[in-house]
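Under my numbering, the first residue of the sequence shown carries the number 29, and numbering increases by one thereafter.
Using N, Cα and C, we set each Cβ at its ideal position, and we do this for glycine too.
Below is one structure; the comments refer to it alone.
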Amino acid sequence: MATVKRYKKEDMVTYCLGATVSMEYLNIRPKDVKQVYIHSAFYESETKEKIKKICSENAIPVEVNDKVFQILSQKENCFVIAMIRKYSCQLEKSASHVVLVNPGNSGNAGTIIRSAAGFGVTNIAIIRPGVDFFDPKVIRASMGALSRINFKYYDSWEEYEKTDGAGNRHFYPFMLDGSTLLHETKIESPFSLIMGNEATGLPASFSKVGCPVRIEHTGNIDSLNLPIATSIGLYEATKGNF
């Protein structure tokens with residue numbers, strides 16, 4: 029049995045907690061699945077057989093081991109865990125990107141990943157400091173959609189702008205005081221939708237980057253939360269694609 033311990037950022041492996049999340053990695057990135065653990069109380073025979081079939085075809089070890097679940101998951105409805113080798117990604121320079129500047133919340137990051145995958149924007153840049161995308165909480169919140177995207181970290185906005193953000197690219201920082209309304213903005217591809225930290229938003233310097241936009245809403249709230257704002261931006265940017 030591979031050594032199992034609670035996740036730490038410096039580890040070489042991470043974990044998918046749950047059958048649905050694990051199946052995403054088994055279907056999309058089977059070569060990165062190192063081991064699969066099944067709980068003895070997992071009775072969904074059809075799903076279990078699918079998991080075993082994929083694992084057999086890809087020489088992935090499968091083990092029934094309840095102790096692993098006691099170590100890795102306190103959720104009563106978690107019956108499958110996939111151990112994932114960490115891997116590196118490169119962004120597609122010609123594609124559209126989501127840029128997250130200092131994202132701090134695992135659940136929010138996972139939700140954004142899921143929305144980005146759903147709207148076909150499968151390249152995400154993270155400006156440090158930022159949440160660890162390999163954290164099992166992020167993977168679970170994404171419902172395994174992390175397997176469908178490319179993501180890469182940058183030490184600064186300037187590093188991204190000069191490398192994978194360079195070229196004929198259109199920048200759209202989302203700011204509460206953005207100069208144009210989102211629904212009145214024609215978003216041109218390839219684009220970078222730039223989103224700030226959950227608590228502080230984007231630094232004022234982004235008002236001079238590209239075309240700053242804002243999402244109009246009533247005065248009943250101060251702002252939309254980050255995943256909702258990002259999802260609205262993704263919808264507006266891609267609504268002609270479907």
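Y263: first and last residue of the uninterrupted alpha helix (DSSP H) it sits in: The count along the sequence shown starts at 1 and reaches residue 263 at position 235. L254 to T266 is the span of the alpha helix (DSSP H), which, as asked, contains Y263.
Three-pair Cβ contact test at 8 angstroms for the region 130 to 149 versus the region 77 to 87: no
Reduced DSSP category for K121 - H, G, I as helix; E, B as strand; rest coil: For this step, residue 121 is matched to residue 93 along the sequence shown. In the structure shown, K121 sits in coil (DSSP, three-state: anything other than H, G, I, E or B).
D205, buried or exposed, once every other Cβ within 10 Å from all chains shown has been counted against 16: Along the sequence shown, read from residue 1 onward, the residue named residue 205 stands at position 177. Its Cβ having fewer than 16 others within 10 Å, D205 is exposed.
Cutoff 8 angstroms: E77 Cβ touching any chain B Cβ: This model lacks chain B altogether; it includes just one protein chain.
For T139, the first and last residue of its enclosing beta strand (DSSP E): As a position in the sequence shown, residue 139 is number 111, starting the count at 1. Where T139 is concerned, there is no enclosing beta strand (DSSP E), although the alpha helix (DSSP H) it sits in stretches over S134 to G146.
Sequence-distant residues of its chain with Cβ nearer than 6 angstroms to D160 (five each side left out): Numbered from 1 along the sequence shown, position 132 holds the residue referred to as residue 160. Once the five neighbours on either side are set aside, the close Cβ partners of D160 are K37.
Sub-8 angstroms separation of V108 and A47 beta-carbons: Stepping through the sequence shown from its first residue, residue 108 is reached at position 80. Stepping through the sequence shown from its first residue, residue 47 is reached at position 19. Yes, they are a contact pair.
V49 in three-state terms, based on DSSP: The residue given as residue 49 occupies position 21 in the sequence shown. In the structure shown, V49 sits in a helix (DSSP, three-state: H, G or I).
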